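Those sequence lines, one after another, are chains A and B. With our numbering, letter number 24 in the first sequence gets 35, and the count goes up by one each step, no holes. With our numbering, letter number 18 in the second sequence gets 61, and the count goes up by one each step, no holes. Encoded as structure tokens, the structure appears first; notes follow it.
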Amino acid sequence: MALNLAEELSSITTKATASDWRAAIRLAGDGLVAGGVTTDDYTDEMIAAVEEHGPYIVIAPGIALAHARPAESVLKGGLSWVSLKTPVEFGHSSNDPVTLVIGLAALNHTAHIEVLKAVAGVLSNKEARAQLEAATTDSEVRAILSSLATE
Amino acid sequence: MKIFAVCGMGIGTSVLLKMNAEKVLTSLGIDADVEAADIGVARGAAQAADIVLTSDELAPEIGDVPARVIIIDNFFDLDEITEKLTEAVQ
């Protein structure tokens with residue numbers, strides 16, 4: 012595998028509590044803000060994207076890839092990771108409920124493709140995903156991701 | 044063959060879908076050009092596409108296009124993408 016996602020993630024929150032999908036996206040947005048990746052406006056833009064286009068960001072069972080367009084609210088490219096203690100309904104026709112929210116910010120349409128490849132590689136691996144979702148600390152998630160990257 | 048992978052913003056889900064569709068097309072031995080696009084671009088560009096890949100939520104927004112619109116539920120599931128693309132190109 013090419014990239015070590017542990018080095019790409021600006022923030023990891025495990026077993027977080029979110030009352031609804033907006034709160035879940037806000038947690039991912041807060042992670043991006045904490046990592047200096049985006050401003051608070053980007054969090055609102057990620058929520059607005061779902062309000063406009065529906066919950067299509069729930070790209071696989073249990074996984075939401077929260078993101079908005081490259082904009083002034085994006086300071087640099089980055090990713091945040093939020094695993095949820097209690098699954099949250101996003102209103103998706105087949106992939107609800109969500110247990111993992113990945114926040115994605117990109118400066119343009121191509122810079123983050125390697126990162127997305129790494130995300131897809133990790134999350135399409137069922138065994139790795141189960142381990143990652145069971146992880147209860149930031150360092151545990153990072154350790155699993157790093158071990159996957161060296162495989 | 045021209046295929047568009049479409050999402051709301053054109054940076055996240057459509058890029059993932061494009062990557063996995065390319066993997067599947069290569070393994071099926073189908074020569075196709077896959078492009079990621081946001082919904083606004085897709086409405087215009089889809090006129091020139093043979094196939095549009097997107098999600099259930101976005102399909103109605105693409106509107107009436109000559110391209111075949113395929114709905115993918117799980118963007119990480121290569122089996123699902125393989126099955127639906129195979130059916131579409133036959």
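All C-beta atoms, glycine included, are put in the ideal place defined by N, C-alpha and C. It should be emphasised that the depicted structure is a prediction, and the values quoted were computed from it without experimental measurement.
C-alpha distance - residue i paired with residue j, whole-angstrom precision
i: A/Val-99; j: A/Ala-34; result: 10 Å
i: B/Ala-48; j: A/Ser-135; result: 19 Å
i: A/Asn-119; j: A/Tyr-53; result: 14 Å
i: A/Ala-154; j: A/Leu-111; result: 17 Å
i: A/Pro-72; j: A/Leu-16; result: 21 Å
i: A/Leu-159; j: B/Pro-109; result: 43 Å
i: A/Glu-56; j: A/Ala-79; result: 6 Å
i: A/Ile-74; j: B/Pro-103; result: 22 Å
i: A/Thr-161; j: A/Leu-14; result: 9 Å
i: B/Ala-88; j: A/Ser-150; result: 44 Å
i: A/Ile-70; j: B/Ile-113; result: 15 Å
Interface flag, residue i vs chain A, CB-CB below 8 Å
i: B/Met-44; result: no
i: B/Ile-54; result: yes
i: B/Ser-70; result: no
i: B/Gly-106; result: no
i: B/Glu-100; result: yes
i: B/Asp-122; result: no
Min CB distance residue i to chain B below 8 Å
i: A/Tyr-53; result: no
i: A/Ser-21; result: no
i: A/Glu-135; result: Looking at the sequence shown, residue 135 of chain A is not Glu but Ser. Closer than 8 Å to some Cβ of chain B, the Cβ of A/Ser-135 qualifies, so yes.
i: A/Leu-127; result: yes
i: A/Ile-58; result: no
i: A/Gly-65; result: yes
Own chain partners of residue i with C-beta closer than 8 Å, once the 5 adjacent residues on each side are dropped
i: B/Thr-125; result: Val-67, Ser-70 and Leu-71
i: B/Arg-111; result: Asp-93, Ile-94, Val-95 and Ala-131
i: B/Asn-63; result: Phe-118, Phe-119, Leu-121 and Ile-124
i: B/Asp-76; result: Met-44, Lys-45 and Ile-46
i: A/Ala-146; result: Thr-25, Ser-94, Val-152 and Ile-155
i: B/Ile-115; result: Leu-60, Leu-96, Thr-97, Ser-98, Glu-123, Ile-124 and Lys-127
Cut-off 6 Å between Cβ atoms - residues of its own chain near residue i, not counting five sequence neighbours on either side
i: B/Glu-78; result: Phe-47
Assumed close pair residue i, residue j - CB separation to whole angstroms, cut-off 8 Å
i: B/Ala-80; j: B/Ser-98; result: At roughly 13 Å, the Cβ-Cβ gap does not stay under 8 Å, so B/Ala-80 and B/Ser-98 are not in contact.
i: A/Leu-76; j: A/Ile-23; result: The Cβ separation is near 16 Å, so there is no contact.
i: A/Pro-66; j: A/Gly-102; result: 5 Å
Cβ-based neighbour list, residue i, same chain, cut-off 7 Å, excluding 5 preceding and 5 following
i: A/Ala-29; result: Ala-35, Leu-38, Leu-95 and Val-99
i: A/Arg-140; result: Leu-134
i: A/Leu-20; result: Leu-90, Ser-91 and Trp-92
i: A/Ile-124; result: none
i: B/Ile-54; result: none
i: B/Arg-86; result: Ile-105 and Gly-106
### Task
For the stretch 67-139 of chain A, list the alpha helix (DSSP H) runs that are entirely contained and at least 4 residues long, ordered along the chain.
124-134
### Every unbroken beta strand (DSSP E) within the stretch 46-124 of chain B, with a cutoff of 3 residues, ordered by chain
Counting only runs of 3+ residues, the beta strand (DSSP E) found wholly inside the stretch 46-124 of chain B occupies 76-81, 94-97 and 111-114, in chain order.
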